[in-house]
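Numbering (our numbering), first residue to last: 180 to 528. All C-beta atoms, glycine included, are put in the ideal place defined by N, C-alpha and C. Working notes, beginning with the structure itself.
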Amino acid sequence: AFNGTFTSGGNEANFSGLALALAAKFPESIDDGIAMIGAKPVAYASAESHHSLDKSAGLLGIGRKALRRVAVNDDAQLDPGKLEKVISEDLAAERIAFCVVATAGTTNSGTVDDLVAISEVCRRHNLWLHVDGAYGAAAIFSDKHRDLVRGIERADSLTIDPHKWLAVPFAAGVILTCHPEILHRAFSVAAPYMPKAAEATLPDNSRVSVQWTRRMNSLKLWLTLRVHGRKAYEELIDRQLRLAASFAVWVRNSDFEITVPHPLPIVTFRLKAPDLSAQELTAVHNRIVDDVTRDGQRWISETIVNGHSVLRMMVISYLTEKRHLEALQTALAKAAQKTGLCKQPSLRI
Numbered sequence: 180a181f182n183g184t185f186t187s188g189g190n191e192a193n194f195s196g197l198a199l200a201l202a203a204k205f206p207e208s209i210d211d212g213i214a215m216i217g218a219k220p221v222a223y224a225s226a227e228s229h230h231s232l233d234k235s236a237g238l239l240g241i242g243r244k245a246l247r248r249v250a251v252n253d254d255a256q257l258d259p260g261k262l263e264k265v266i267s268e269d270l271a272a273e274r275i276a277f278c279v280v281a282t283a284g285t286t287n288s289g290t291v292d293d294l295v296a297i298s299e300v301c302r303r304h305n306l307w308l309h310v311d312g313a314y315g316a317a318a319i320f321s322d323k324h325r326d327l328v329r330g331i332e333r334a335d336s337l338t339i340d341p342h343k344w345l346a347v348p349f350a351a352g353v354i355l356t357c358h359p360e361i362l363h364r365a366f367s368v369a370a371p372y373m374p375k376a377a378e379a380t381l382p383d384n385s386r387v388s389v390q391w392t393r394r395m396n397s398l399k400l401w402l403t404l405r406v407h408g409r410k411a412y413e414e415l416i417d418r419q420l421r422l423a424a425s426f427a428v429w430v431r432n433s434d435f436e437i438t439v440p441h442p443l444p445i446v447t448f449r450l451k452a453p454d455l456s457a458q459e460l461t462a463v464h465n466r467i468v469d470d471v472t473r474d475g476q477r478w479i480s481e482t483i484v485n486g487h488s489v490l491r492m493m494v495i496s497y498l499t500e501k502r503h504l505e506a507l508q509t510a511l512a513k514a515a516q517k518t519g520l521c522k523q524p525s526l527r528i
């Protein structure tokens, strides 16, 4: 069973996850500071994981260099073999490994790391496993697609952002852990002027989180579930995955090509222009983005995945329908033709 609390978003939730990992591995450091550890603590995440982890490492005092960015495989996933190798090298150098952060839905490409394999690495080395599921963890609401995040139940702590795939208003993040006693160890402080909870079963959020004064962020998700039910979320997730899959079919039959697998409703693709240099392709992609988004009717972006420029499309609004993607396809086809690099008009499916 998981316990936790609402946060302001994924940044705070990921910060809390690393704080929990430190509290679990080095309980004395809560009072005495990380200097008492006597060696360099290190945590691990993929090269594609969220920038909030770098911020958190700095703010927690272990330093941003203590966050080891591990290379990804061709599918943009954290490579378990490379992770094992880096951990072994650090242990041989007398560093203290304490945490691995896996991602269920990277920002760039929607990639889901192999949570089962990574959890086995953590088990062998007695490391805390934090899963940043700010986006992708919502897949558990779909009976049909929950295997996309298989192994997420093995996490020691978990980030979820309902204000992403669960379509509630900003801001609503969640930090969960199967070690509730660590929540208290990491965050509880004595404050005699604070009233005690009226019931033993009622959590005192000030003792299990970074925040003191806080909004009732839970109301948004609770009310949505009460009004629409879990089934509505399942239908939303299934529909958006279908829309993204249909868009990917169009890409494969167009002047573009898919770059990495797309388990979630984020599709990354690039123009078929093998003769262009990396710099030239980036410039072309940015021109396509400007062309497609100029009228304010749709939004895509240019980003970097596995070291290469790609275009990124994401289905995130619960209002998105097939007609919106068809309009995007038309705009992309026209923009591709304007580059002068395409041999024939893009097909539309």
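Inset, instruction - Can you have a look at VAL368 and say buried or exposed, based on whether 16 or more other CB atoms are within 10 angstroms of its CB? - result: exposed
Inset, instruction - Say whether the region 260-271 touches the region 202-213, bearing in mind that this needs 3 or more beta-carbon pairs closer than 8 Å, one atom from each stretch. - result: no
Legend entry - Sub-9 Å separation of ALA226 and ALA250 beta-carbons: yes
Inset, instruction - Return the residue from the list GLN419, LEU460, ALA245 that minimises the CA-CA distance to LEU443. - result: The shortest Cα separation from LEU443 among GLN419, LEU460, ALA245 belongs to GLN419.
Inset, instruction - Pick helix, strand or coil for VAL347, following the three-state DSSP scheme. - result: coil
Legend entry - Inter-residue Cα distance where the pair is THR518 and VAL463: 7 Å
Inset, instruction - Let me know if PRO206 comes out buried or exposed under the rule of 16 or more other beta-carbons within 10 Å of its beta-carbon. - result: exposed
Inset, instruction - Report yes if the CB atom of VAL300 is closer than 9 Å to the CB atom of GLU263, and no otherwise. - result: yes
Inset, instruction - Could you tell me whether the region 219-237 touches the region 277-296, using the rule of 3 or more Cβ pairs below 8 Å? - result: yes
Legend entry - Assumed close pair LEU400, LEU345 - CB separation to whole angstroms, cut-off 8 Å: Right, their Cβ atoms sit about 7 Å apart.
Legend entry - GLY212 - DSSP class collapsed to helix/strand/coil: Residue state, collapsed to three classes: coil.
Legend entry - Range of the contiguous beta strand (DSSP E) that encloses PHE181: Where PHE181 is concerned, there is no enclosing beta strand (DSSP E), given that its DSSP letter is neither H nor E.
Inset, instruction - Determine the burial state of LYS529: buried for a count of at least 16 other Cβ atoms within 10 Å of its Cβ, exposed for fewer. - result: Since the first residue shown for the chain is 180 and the last is 528, residue 529 is missing from the structure and cannot be characterised.
Legend entry - Cβ-based neighbour list, ILE333, same chain, cut-off 6 Å, excluding 5 preceding and 5 following: Before going further, note that residue 333 is Arg rather than Ile in the sequence given. Within the same chain, ARG333 has close Cβ partners SER298.
Inset, instruction - Give me the Cα-Cα distance between ASP454 and ARG431, rounded to the nearest whole angstrom. - result: Between the C-alpha atoms of ASP454 and ARG431 there is a straight-line separation of about 19 Å.
Inset, instruction - Using DSSP bridges, identify the partner residues of ALA276. - result: VAL221
Legend entry - Endpoints, beta strand (DSSP E) assigned at PHE435: 435-437
Legend entry - Extent of the continuous beta strand (DSSP E) run through ILE354: 352-356
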